[in-house]
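> Dropping a structure here in C-alpha cells format, bear with me for questions.
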Amino acid sequence: MTISRMLLGAASLAMAAGLAQAESHASATADKRIALSNNYAGNSWRQAMLQTWEEVGEQAVADGMLAAADAYTTAENQATEQAAQIQNMILQGYDAIVLNAASPTALNGAVKEACDAGVTVVSFDGIVTEPCAWRIAVDFAAMGEEQVEYLATRLSDGGNLLEIRGLAGVFVDDEISKGIHEGVAEHDQFEIVGSVHGDWAQDVSQKAVAGILPSLPEITGVVTQGGDGYGAAQAFKAAGRPTPLIVLGNRQDELKWWAEQRDANGYETLSLSIAPGVASLALWVAQQVLAGEEVPKDLTVPFLKITQDTLDDALANTPEGSVANVTYTLDDAKQVIADAK
Amino acid sequence: MNILTKPWLWSCVAAALAYALILGLTSGRGAGELAYAALSFGAFAAIVGLGQMLVITLGPGNVDLSIPATMTLAATLALKAMGTDPGTAVLGLGIALAVGFGVGVANYALIYLLRLPPIIATLAASLIYQSLAIWSNRGLRIKPPEGLADFATGRFLGLPNVTWVGLLLAIVVWIALERSVWGRWLLATGQNMRVARLAGVPVELVRASTYISVSVFAALAGYLLASFSGGAALNMGAEYLLMSIAVVVIGGSSIAGGNSNVPGVWGAALFMFLVVSMLNSYGAGAGARNVLTGAIIIGIVIAASTRRART
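In C-alpha cells, the structure reads:
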C-alpha cells in the first residue's frame, strides 16, 4: 500500500516536472523569431513546402510557441542573392534562420556570419556544409539505391534501365544518381542503357525521353528522381512502346496515372520522394535548438514512400496537381532528434 | 543566287546531320519515331523563336526576356479557367491569347513610357508575370480538357498538330515580313531607326506591334505546351529563354537586327532538339553535352555569318 502510494506520488511528481519542463520550453521560445530563407519557389514541390511552413508557422505563433515564423524567397535562385538575404535577416534580429540553400558551399560565409552573431541556422533539403549550422538531410543516395532494389524484387530477370536525372550540377542529382549506380552495381542483372536530364519537370523529361527512345533497345524499367515519371510515361506512349516499370516521385499527376493504369491493367510500381513538409520539421528543430535542447548537428529525415497498398489513401489526401505531403509535428521533431543521438 | 549564300541553310544542314548521326547509331531503326518527336518538340521552340526573331529584327538592344514567364502565366490562367471541363478549349485559347496581348502591351508601355532598355523592362516585368502565375494557382498542375490534350498530342496527315500550328505561323510571319508594308517597316526600323523615322515609318507603332506579337506567340506556345504535356507547371517556360534566342541566331537572322530569316528558325528548332537527343544517344554526360552544344552553336553561327559576309 505504502509502496504503491509512493510510486504514485513519484509518478505524479515526474509528470508535474515534465509538464513544467514542457511549459518552460514553450515560454522559452515564445519571444523567439524564426525566418525561412528559401532559394526557389518555381515548382509545385516548393509551393507545397511554403504552404506547409505558413500553416505550421501560423499555428506555432497562435499557440505562443514562437513570436514569428516568416518566409522569404529569393527571386533568382542565386547564392549571392541568398547570402545577402541571410545578412538582412541577421540585421533584422531573427533568432534562428531555417535555410533551404541554393548551394551547399557558396553560402557558408553568410551562415558563419549568422552563427557569429548568435543566430541559430538550420539547413534542410538544400543543406550547407558550414559546421556551425544544423543539417536536416535526406539520404538521397539511399533513395536511388532503393529504387533499384525494388526493381530487383519485381524484375528477377533484370533488363535494360533508362535513368532520368534531375538538374545537372546540383548536389541532389549527383547523390540520387550515385545511389542508382551503386544499386545497379549490386544487382548486375540490370544495365543502364540510357541517361537523360529531365530537370525534375514533366515536360522536360518527356522531351528528353522522346529524343533518346529511338536509339534504345527494349526498356524494362525507368529509374527517376521525382517530377519526371508522368512525362516519361507519356513519351513511351507517344512512341508506341510498351510501358515499362516506372518508379514514380509522389506527384499527384503521377499517382493518378498510376491508379488509372492499375485499374486498367494491374500496373504495379513504387513511388518515393521527400515530403515538402520537411520544412515544418526544420521549424521544430530550430525551435528545439532555441529552447536550449541538445540537438545533434546532423539529422536525417525519412522519405515518403507510397506503395500499391497506400496509393488510394495518398491520392485522396493529395490536392489536385500538387505533391504528396506530410506535416511534421513537434513530437516528430523530438523523435528525429532522439534517433540521431 | 547561290544556295550556299542562304544563311538559313546551315541550321537545316546541322539538323539533318544530327538526325543522320542518331540513325547511324541505331542503323536506321526508329527514323520515323525520331522525326515525329523532333517535329513535335521543335514546334514549341519554333513558335517562341518566330516571336523572338521579330523583336531581335527591331535592332540592337531589342530582345524579349519575359517569354518564359509569359508562357507560364498564359498557360496557368488558361488551364485554371478551363478546369479540365470538356468544350472549354476555345475559352482557354482566348484567355491565353488575351494574356499574351496584355503582357505585350505592358512590356511596350514600360519600354516607351519609362524609356527603359527592353532587356531591363522585359526582365523586370517577367518577375511580375511569374509572381502572378504563382499567386493565381500556387503551382498546382491542372489537366487540360481531354479533347484539347488529344489535339495537342494528335496528328494530321502524318504530322503532329502542333507542327502544323508552328508551320502555319511561320508562313504567316514570312508573308508579313516579305510581302507586307509592315514587314518592310520592321526591317527598315531594325536597320536604322532614325532613318526609318525620317522616312515616314511609324516606328513606335512597329515596335508596339512587334512586342505584342512576341508575347502572343509565347502565350500560344505556353497554351499548347501545357495541353501537350498534361498541365501547366511554374517552371515550364524556363528552357525557352535561351532557346528562343538560340534558334534565332542559329537560324541565320542577324543579332544586330534588320535581317530576319523564317526557315532558319524552324531548322534551328529541329536542330536544338536533335543535337541534345544525339548527345544523349551517344551517352555524353551533362558536362560534355553542354560544352559540345555550345561549340556546335558557335560553329554554325560562324559558318552562317561568314557566308553572309561574302555576298
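Sequences listed follow chains A and B, in order. Residues 1 to 341 in the UniProt record's numbering are what the first sequence spells out, letter by letter. Residues 1 to 311 in the UniProt record's numbering are what the second sequence spells out, letter by letter. No residue lacks a Cβ here, since even glycine has one placed at the ideal position from N, Cα and C. A quick note: this is a predicted structure, and the numbers were derived from the prediction, not measured.
Counting only Cβ pairs nearer than 7 Å, list the residues of chain B close to residue 342 of chain A.
Since the first residue shown for chain A is 1 and the last is 341, residue 342 of chain A is missing from the structure and cannot be characterised.
> Quick check on DSSP: helix, strand or coil for residue 284 of chain B?
Residue mapping note: residue 284 of chain B aligns to position 284 of the second sequence, counting from 1. Here residue 284 of chain B sits in coil by DSSP.
> For a minimum of 3 consecutive residues, which ranges assigned as the beta strand (DSSP E) are wholly contained in the segment 23-67 of chain A?
As far as the segment 23-67 of chain A is concerned, its whole beta strand (DSSP E) runs of at least 3 residues are 33-38.
> Counting only beta-carbon separations shorter than 8 Å, does residue 37 of chain B have a partner in chain A?
To locate residue 37 of chain B, count along the second sequence from 1; it is residue 37. Yes, because at least one Cβ of chain A sits closer than 8 Å to the Cβ of residue 37 of chain B.
> If the cut is a Cβ gap below 9 Å, which residues of chain B does residue 43 of chain A touch?
By 1-based counting over the first sequence, the position of residue 43 of chain A is 43. Result: 139, 233, 234, 235.
> Assuming residue 241 of chain B and residue 111 of chain B are in contact, meaning their beta carbons sit under 8 Å apart, how far apart are those beta carbons, in whole angstroms?
Residue numbering aside, residue 241 of chain B sits at position 241 when the second sequence is read from its first letter. Residue numbering aside, residue 111 of chain B sits at position 111 when the second sequence is read from its first letter. No, residue 241 of chain B and residue 111 of chain B are not in contact; Cβ-Cβ is about 18 Å, not under 8 Å.
> Can you name the residues of chain A whose CB is closer than 9 Å to the CB of residue 166 of chain B?
Here residue 166 of chain B is taken as the residue at index 166 of the second sequence, counted from 1. Under the 9 Å cutoff, chain A gives no residues; its nearest Cβ is about 15 Å from residue 166 of chain B.
> By alpha-carbon positions, which one of A:228, A:261, A:251, A:252 ends up nearest to residue 243 of chain A?
Within the first sequence, the letter at position 243 stands for residue 243 of chain A. Among A:228, A:261, A:251, A:252, the Cα nearest to that of residue 243 of chain A belongs to A:261.
> So the candidates are A:223, A:219, A:251; which of them puts its Cα closest to the Cα of residue 237 of chain A?
Looking up residue 237 of chain A in the first sequence gives position 237. Considering only alpha carbons, the answer is A:219.
> Could you list which residues in chain B have their beta carbon closer than 7 Å to that of residue 230 of chain A, in chain order?
For this step, residue 230 of chain A is matched to residue 230 along the first sequence. Neighbours of residue 230 of chain A on chain B, chain order: 230.
> With residue 39 of chain B and residue 163 of chain B assumed to form a contact (beta carbons below 8 Å), what rounded beta-carbon distance in angstroms separates them?
Taking the first residue of the second sequence as 1, we reach residue 39 of chain B at position 39. Taking the first residue of the second sequence as 1, we reach residue 163 of chain B at position 163. Between residue 163 of chain B and residue 39 of chain B the Cβ distance is about 4 Å, and since that is below 8 Å, they are a contact.
> Among the candidates B:18, B:5, B:12, whose CA atom is the shortest distance from the CA of residue 293 of chain B?
Working through the second sequence from its first residue, we reach residue 293 of chain B at position 293. Taking only the C-alpha atoms, the option nearest residue 293 of chain B is B:18.
> Tell me whether residue 129 of chain B sits in a helix, a strand or coil according to DSSP, three-state version.
If you number the second sequence from 1, residue 129 of chain B lands on position 129. Note: residue 129 of chain B maps to helix in three-state DSSP.
> Measure the CB-CB distance between residue 246 of chain A and residue 296 of chain A and report whether it falls below 8 Å.
The residue given as residue 246 of chain A occupies position 246 in the first sequence. The residue given as residue 296 of chain A occupies position 296 in the first sequence. Taking 8 Å as the Cβ cut-off, residue 246 of chain A and residue 296 of chain A do not qualify as a contacting pair.
> Taking 8 Å as the threshold, find out whether the segment 154-164 of chain A comes into contact with the segment 117-126 of chain A through three or more Cβ pairs.
The segment 154-164 of chain A is not in contact with the segment 117-126 of chain A.
> Of all the alpha helix (DSSP H) runs that stay within the bounds of the segment 208-258 of chain B, which reach a length of 4 or more residues?
Whole alpha helix (DSSP H) segments, 4+ residues: 240-250.
> Which residues share a DSSP beta bridge with residue 124 of chain A?
Working through the first sequence from its first residue, we reach residue 124 of chain A at position 124. A:136, per the DSSP bridge assignment.
> Around the Cβ of residue 21 of chain A, are there at least 16 other Cβ atoms within 10 angstroms (buried) or fewer (exposed)?
In the first sequence, residue 21 of chain A corresponds to position 21, counting from 1. For residue 21 of chain A, the predicted model reports a pLDDT of 48, less than 50, meaning its position is unreliable; a value from the coordinates is still stated below. Exposed, because fewer than 16 other Cβ atoms sit within 10 Å of the Cβ of residue 21 of chain A.
> Return the CA-CA distance between residue 148 of chain B and residue 89 of chain B, expressed in angstroms with no decimal places.
As a position in the second sequence, residue 148 of chain B is number 148, starting the count at 1. As a position in the second sequence, residue 89 of chain B is number 89, starting the count at 1. In a straight line, the C-alpha of residue 148 of chain B is about 6 Å away from that of residue 89 of chain B.
> So with CB distances below 7 Å, who are the chain A contacts of residue 26 of chain B?
As a working note, residue 26 of chain B is residue 26 in the second sequence. Per Cβ cutoff of 7 Å: 214, 215.
> Starting from residue 172 of chain A, find everything on chain B with Cβ-Cβ shorter than 7 Å and list it in chain order.
Indexing the first sequence from 1 puts residue 172 of chain A at position 172. Those within 7 Å of residue 172 of chain A in chain B number zero; the least Cβ separation is about 14 Å.
> Nearest-angstrom Cα distance between residue 195 of chain B and residue 86 of chain A?
Within the second sequence, residue 195 of chain B is the residue found at index 195, counting from 1. Within the first sequence, residue 86 of chain A is the residue found at index 86, counting from 1. Roughly 51 Å separates the two Cα atoms.
> Looking at the structure shown, is residue 160 of chain B part of a helix, part of a strand, or coil, going by DSSP?
On the second sequence, residue 160 of chain B is found 160 positions in, with the first residue counted as 1. Residue 160 of chain B falls in the strand class under three-state DSSP.
> Between the alpha carbons of residue 316 of chain B and residue 47 of chain A, how many angstroms are there, rounded?
Nothing in the structure corresponds to residue 316 of chain B, since chain B is present only between 1 and 311.
> Does the CB of residue 316 of chain A have a neighbour CB from chain B at under 8 Å?
Stepping through the first sequence from its first residue, residue 316 of chain A is reached at position 316. Output row for residue 316 of chain A: interface = no.
> Closest to residue 96 of chain B by CA distance: which of B:85, B:84, B:79 is it?
Taking the first residue of the second sequence as position 1, residue 96 of chain B is located at position 96. Residue 96 of chain B has its Cα closest to that of B:79, out of B:85, B:84, B:79.
> Quick check: the Cα distance between residue 49 of chain A and residue 277 of chain A, rounded to an integer number of angstroms?
The residue given as residue 49 of chain A occupies position 49 in the first sequence. The residue given as residue 277 of chain A occupies position 277 in the first sequence. Straight-line Cα distance between these residues: approximately 6 Å.
> So, at 8 Å on beta carbons, what are the nonlocal neighbours of residue 184 of chain A in its own chain, with the 5 sequence-adjacent residues on each side left out?
Mapped onto the first sequence, residue 184 of chain A falls at position 184. So the qualifying residues of the chain are 148, 161, 190, 191, 192.
> Say whether the segment 175-182 of chain A touches the segment 203-219 of chain B, bearing in mind that this needs 3 or more beta-carbon pairs closer than 8 Å, one atom from each stretch.
No: fewer than three Cβ pairs fall under 8 Å.
> Can you pull the chain B neighbours of residue 51 of chain A, defined as C-beta to C-beta under 9 Å?
As a first step, residue 51 of chain A is located in the first sequence; it is residue number 51 there, counting from the start. 138, listed in chain order.
> Going along the chain, which residues of the segment 111-132 of chain B sit with their C-beta nearer than 9 Å to a C-beta in chain A?
From the segment 111-132 of chain B, only 127, 130, 131 have a Cβ closer than 9 Å to chain A.
> Nearest to residue 322 of chain A by alpha carbon, out of A:286, A:284, A:251?
In the first sequence, the residue the question calls residue 322 of chain A occupies position 322. When only C-alpha atoms are compared, the closest one is A:251.
> Are the CB atoms of residue 320 of chain A and residue 140 of chain B nearer to each other than 8 Å?
On the first sequence, position 320 is the one that residue 320 of chain A refers to. On the second sequence, position 140 is the one that residue 140 of chain B refers to. Contact: yes.
> Could you say which of A:125, A:72, A:29, A:89 lies nearest to residue 65 of chain A if we only look at CA atoms?
Within the first sequence, numbered from 1, the residue matching residue 65 of chain A stands at position 65. Checking every option, the nearest Cα to that of residue 65 of chain A belongs to A:29.
> Could you give the residue range of the alpha helix (DSSP H) that holds residue 300 of chain A?
Against the first sequence, residue 300 of chain A aligns to sequence position 300. Premise fails: residue 300 of chain A lies in the beta strand (DSSP E), 298-301, not in any alpha helix (DSSP H).
> Could you tell me how far apart the beta carbons of residue 246 of chain B and residue 272 of chain B are, in whole angstroms, since I believe they sit closer than 8 Å?
Translated into positions along the second sequence, residue 246 of chain B becomes position 246. Translated into positions along the second sequence, residue 272 of chain B becomes position 272. About 6 Å; that satisfies the 8 Å criterion.
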